[in-house]
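In this note's numbering, the protein residues as written are 9 to 331.
Glycine residues also receive a C-beta, built at the ideal position from the N, C-alpha and C atoms.
Keep in mind the model is a prediction, meaning the values are calculated, not measured.
Okay, structure first, notes after.
Dropping the structure here:
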């Protein structure tokens, strides 16, 4: 077996301010790149020398140049962002990091919200291009969060008149009647993740004003029956727990000048045995129809702690237990 050719490549950066962003606190960003790409990186002044197999050095050189260019434009990277950038350039396809990380959906009080990888970029572009989009994949991939950001952006730009957030309350089951409070108080725990994402993007007072004016509505899926949703951005979360009939009911609520985003993870179905998941069924029925998009996420798209990717992969690889 031939030993890969080891090459040395020196990259010079003219501006020290964005270089500091590229290096990261205590050089942590460069250490991450070196570890993930299997090369050595040596810093001297405004020069970085890359040492390793030619293919990896070329990829790393392109990565550093792109991240440096983004830093010069004022776009900051944390360790998680950089890890996803490394994974993107190692994916085997040419990757324009600027197109991904400069795409701003909404600006929050604390940060900008935008895609963090190629799949997330395809997802937001699909939402822009289609009236109905299905985002399918594991938890932590940003499916709901990015849909919420697109919805908030559309509302603030007056492209829609309201945001409607729906989620099945399947987990409550027969126990729902034994919980205290009225119906909304009973189902609120199941809608909490949607509220959390909304409050990340808008201050609490503004969220309450929008809810009071009917600009934002958060409701269990059952509340959608019989309605026509015009000029709305509608998000159905945890859609793997919608039955086939419920999915049909939801999709046929869409009115004029509206968009719908349906998110879920088909490996986490909590429906009773024998019940058909509408999300499992829908791809075979609707794929290929103009105006409807499907985006599949994997564990590589997880935007939580890096260990979450490994945990998801380990669970997906386990032997399935028979009921």
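With 16 or more other Cβ atoms from the protein chains shown falling within 10 Å of its own Cβ, residue 148 counts as buried.
Three or more Cβ pairs closer than 8 angstroms define a contact, and the segment 55 to 62 falls short of that threshold against the segment 83 to 91.
By the beta-carbon neighbour count (other beta carbons within 10 angstroms, threshold 16), residue 96 is buried. Listed as beta-bridge partners of residue 302 by DSSP are 142. Taking one beta carbon from each stretch, the segment 196 to 216 and the segment 142 to 160 have 3 or more pairs nearer than 8 angstroms; the two touch. Separation of residue 171 and residue 161 (C-alpha to C-alpha, rounded to the nearest whole angstrom) is 10 angstroms. In terms of CA proximity to residue 26, 77 leads the group 49, 77, 67.
Counting only residues of its own chain and dropping the five nearest sequence neighbours on each side, residue 61 has a CB closer than 8 angstroms to the CB of 12, 13, 14, 15, 46, 47. Non-local C-beta neighbours of residue 303 in its own chain, meaning closer than 6 angstroms and more than five positions away in sequence, comprise 130, 131, 134, 143, ordered along the chain.
In this structure, DSSP gives residue 292 a helical state, which the three-state scheme calls helix.
Note on geometry: alpha-carbon atoms of residue 177 and residue 94 lie some 38 angstroms from one another. Beta-bridge analysis with DSSP links residue 241 to 171, 267. Beta bridge pairing from DSSP links residue 49 with 58. Between residue 103 and residue 305, the C-beta gap is not smaller than 8 angstroms, which leaves the two residues out of contact. Of the residues assessed, residue 216 falls on the exposed side of the cut-off, its CB having fewer than 16 other CB atoms within 10 angstroms.
Taking the Cα positions, residue 201 is about 46 angstroms away from residue 52. For residue 272, the closest alpha carbon among the candidates 249, 265, 294, 228 is that of 249. Residue 287 and residue 173 have their alpha carbons spaced roughly 17 angstroms apart. Cβ atoms of residue 299 and residue 138 come within 8 angstroms of each other, at about 5 angstroms.
Counting other Cβ atoms within 10 Å of its Cβ, residue 220 stays below 16 and is therefore classed as exposed. Counting along the chain, residue 165 sits inside no alpha helix (DSSP H), nor does DSSP assign it H or E at all. Residue 66 and residue 72 have their C-alpha atoms some 10 angstroms from each other.
Ranking 110, 233, 263, 269 by CA distance to the CA of residue 158 puts 269 first. Residue pairing of residue 18 in beta bridges, as defined by DSSP: 57. In the DSSP assignment, residue 227 falls within the beta strand (DSSP E) that extends over 224 to 228.
With fewer than 16 other Cβ atoms from the protein chains shown falling within 10 Å of its own Cβ, residue 281 counts as exposed. A Cβ-Cβ contact shorter than 8 angstroms links residue 175 with residue 199. Beta-carbon to beta-carbon, residue 41 and residue 22 are separated by about 20 angstroms, too far to satisfy the 8 angstroms threshold.
With a cutoff of 8 angstroms on beta-carbon distance, residue 310 and residue 124 are scored as not near each other. Contact annotation: residue 146 and residue 289 have beta-carbon atoms that are not nearer than 8 angstroms. About 15 angstroms separates the Cβ atoms of residue 74 and residue 31, ruling out a contact at the 8 angstroms cut-off. In the same chain as residue 164, and ignoring 5 residues on each side of it, the C-beta atoms closer than 8 angstroms to its own belong to 114, in chain order.
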